[in-house]
Amino acid sequence: MADTPAPPPHPSSEPVTEPADEKNETDASSLQSGLTATTNESQASVTPSIFDYRLENGRSYHRLSDGSYLVPNDKTEQERLDIANHLWLIAWDGKFCLCPKNQGAKRVLDLGTGTGVWSILYADAFQGAEVLGVDLSPIQPEFVPPNCYFEVDDLEKEWTWTTPFDFIFARNMAGSFQDWAKVIRQAFENLEPGGYFEVHDNLYPLECDDGTLKEDSALFQWSKYLVEATDKIGRPITIASKLDKMLEEAGFVDVVVTKQVMPASPWAKDEKLKALGVWTSASLIGLEVQFDPGVR
Numbered sequence: 146m147a148d149t150p151a152p153p154p155h156p157s158s159e160p161v162t163e164p165a166d167e168k169n170e171t172d173a174s175s176l177q178s179g180l181t182a183t184t185n186e187s188q189a190s191v192t193p194s195i196f197d198y199r200l201e202n203g204r205s206y207h208r209l210s211d212g213s214y215l216v217p218n219d220k221t222e223q224e225r226l227d228i229a230n231h232l233w234l235i236a237w238d239g240k241f242c243l244c245p246k247n248q249g250a251k252r253v254l255d256l257g258t259g260t261g262v263w264s265i266l267y268a269d270a271f272q273g274a275e276v277l278g279v280d281l282s283p284i285q286p287e288f289v290p291p292n293c294y295f296e297v298d299d300l301e302k303e304w305t306w307t308t309p310f311d312f313i314f315a316r317n318m319a320g321s322f323q324d325w326a327k328v329i330r331q332a333f334e335n336l337e338p339g340g341y342f343e344v345h346d347n348l349y350p351l352e353c354d355d356g357t358l359k360e361d362s363a364l365f366q367w368s369k370y371l372v373e374a375t376d377k378i379g380r381p382i383t384i385a386s387k388l389d390k391m392l393e394e395a396g397f398v399d400v401v402v403t404k405q406v407m408p409a410s411p412w413a414k415d416e417k418l419k420a421l422g423v424w425t426s427a428s429l430i431g432l433e434v435q436f437d438p439g440v441r
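Quick note: the sequence shown, position 110, residue 255 per our numbering, numbers continuous.
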């Protein structure tokens with residue numbers, strides 16, 4: 146299921162009332178969630194050392210803040226990230242996000258942009274917006290819309306931007322941060338009044354909405370061990386179910402959670418669920434080492 150705390154505005158603005166959208170159409174063994182909330186020393190210039198990726202088990206990993214992110218940054222992973230972006234577009238019926246910023250924004254920050262695909266598509270769709278994508282790895286394309294920019298940055302350090310954003314976006318960042326409360330607080334502090342913070346992520350451990358995913362199944366056991374491993378290294382992947390409370394504690398208002406069933410394979414009769422199953426299955430390619438530092 147997709148868990149989306151949605152459109153909370155900054156407390157000094159008029160509240161936005163948008164009902165949570167919950168969908169329990171069929172069971173699913175893959176669950177995903179999106180969450181929206183309203184309201185550097187970390188920045189690194191791109192020097193040759195940034196491209197000196199760490200190589201391990203045939204995969205490459207980021208060099209900035211080496212070891213802080215669990216997932217490779219090579220071509221296999223880049224392709225998977227682009228597939229995952231398409232998966233989320235299907236889940237949200239072609240929308241970039243669920244808050245009002247799906248109609249455009251002025252200044253946008255994309256946390257953990259990866260290949261930059263979301264930033265590029267958003268910037269291309271809303272040419273009046275200034276879109277900044279941030280990641281530990283400089284794996285974004287060279288040719289992008291003129292209103293789209295990228296920075297190599299460690300978001301776990303203090304943010305040093307001086308101009309506030311009206312929309313901050315994060316997707317699939319579970320397992321990325323040791324201190325989510327700090328990241329959320331910095332998002333709140335870097336939003337202008339009335340701004341939005343939206344987060345999309347997976348729910349762990351995996352489950353079915355009708356309870357048919359048995360605890361002795363390989364899929365459930367896999368997700369269970371991922372939870373245990375990432376807890377041990379201090380980068381938990383169980384953040385999605387806790388985000389709404391954390392956002393409220395940081396000062397966000399009108400937090401909305403939206404859930405979407407995400408089948409893990411194309412078994413469903415419903416056309417949308419079948420498409421989600423196809424792309425979810427495709428997005429799992431290469432994940433055998435995604436959490437390798439936590440399980441090897």
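For every residue, glycine included, the Cβ atom is placed at its ideal position computed from N, Cα and C.
Exposure of residue i, with buried meaning 16 or more beta-carbon neighbours within 10 Å
| i | result |
| --- | --- |
| ASP376 | exposed |
| ILE265 | buried |
| THR184 | At THR184, the pLDDT of 49 sits below 50, so the modelled position is not reliable; the number obtained from the coordinates is stated separately. Flag for THR184 reads buried. |
| GLN331 | buried |
| LYS220 | exposed |
| VAL346 | Going by the sequence as given, residue 346 is Asp instead of Val. Per the 10 Å Cβ criterion, buried. |
| ASN202 | exposed |
| LYS390 | exposed |
| ALA250 | buried |
| ILE430 | exposed |
| TRP412 | exposed |
| GLY320 | buried |
| ALA270 | exposed |
| PRO286 | exposed |
| ALA374 | buried |
C-alpha gap between residue i and residue j, whole angstroms
| i | j | result |
| --- | --- | --- |
| TYR370 | TYR349 | 10 Å |
| ASP166 | PHE196 | Residue placement at ASP166 is flagged as unreliable, the pLDDT there being 39, under the threshold of 50; a coordinate-derived value is accordingly withheld. |
| SER410 | ALA420 | 9 Å |
| GLY356 | ILE384 | 21 Å |
| ASN317 | THR403 | 15 Å |
| ILE284 | GLU394 | 34 Å |
| GLY340 | GLU301 | 21 Å |
| PRO291 | GLN248 | 19 Å |
| ALA363 | ALA274 | 45 Å |
| ILE329 | PHE314 | 11 Å |
| SER194 | ASP354 | 46 Å |
| LEU392 | TRP233 | 22 Å |
| THR382 | VAL289 | The displayed chain sequence assigns Ile, not Thr, to residue 382. Using only the alpha carbons, I get a separation of about 31 Å. |
| ARG380 | PRO245 | 31 Å |
Selection from the options that minimises the alpha carbon distance to residue i
| i | options | result |
| --- | --- | --- |
| LEU418 | TRP237, ASP324, ILE430 | TRP237 |
| LEU277 | THR221, PRO283, ALA268 | ALA268 |
| GLU416 | ILE235, SER428, ALA229 | ILE235 |
| VAL297 | PRO291, ALA319, PHE310, THR260 | THR260 |
| LEU388 | ASP324, PHE365, VAL253 | ASP324 |
| GLU337 | ASP354, THR308, ASN317, ALA363 | THR308 |
| CYS293 | GLN272, LYS404, LYS246, GLU394 | GLN272 |
| LEU281 | ARG199, LYS404, ASN247 | ARG199 |
| ALA229 | SER386, GLY249, VAL402, THR258 | THR258 |
| PHE397 | GLU343, PHE295, GLN223 | GLU343 |
| ILE378 | GLN366, TYR206, GLY212, SER205 | GLY212 |
| LEU144 | VAL401, TRP304, PHE365, ARG225 | Examination of residue 144 is not possible in this model, given that the chain is present from 146 through 441 alone. |
| ASP299 | PHE314, PHE322, GLU287 | PHE322 |
| GLU352 | GLN405, PRO245, TYR214 | GLN405 |
| VAL400 | LEU243, LEU358, THR425 | LEU243 |
| PRO408 | GLU373, LEU358, VAL216, GLN366 | LEU358 |
| PRO217 | GLY239, SER205, TRP367, TRP263 | SER205 |
Delimiting residues of the alpha helix (DSSP H) encompassing residue i
| i | result |
| --- | --- |
| ARG330 | 325-334 |
| GLY396 | Note, GLY396: premise wrong, no alpha helix (DSSP H); not H, not E. |
| VAL423 | 416-428 |
Limits of the beta strand (DSSP E) - the one that residue i falls within
| i | result |
| --- | --- |
| GLY278 | 275-280 |
| SER205 | 204-206 |
| PHE295 | 293-298 |
| GLU287 | First-last for GLU287: undefined, no H or E at that position. |
| LEU209 | No beta strand (DSSP E) holds LEU209; DSSP gives it neither H nor E. |
Runs of beta strand (DSSP E) wholly within the stretch 212-273 (minimum 3 residues, chain order) | 252-256
Let me know the beta strand (DSSP E) ranges lying completely inside the stretch 302-379, each 3 residues or longer, listed in chain order.
-> 310-316, 336-347
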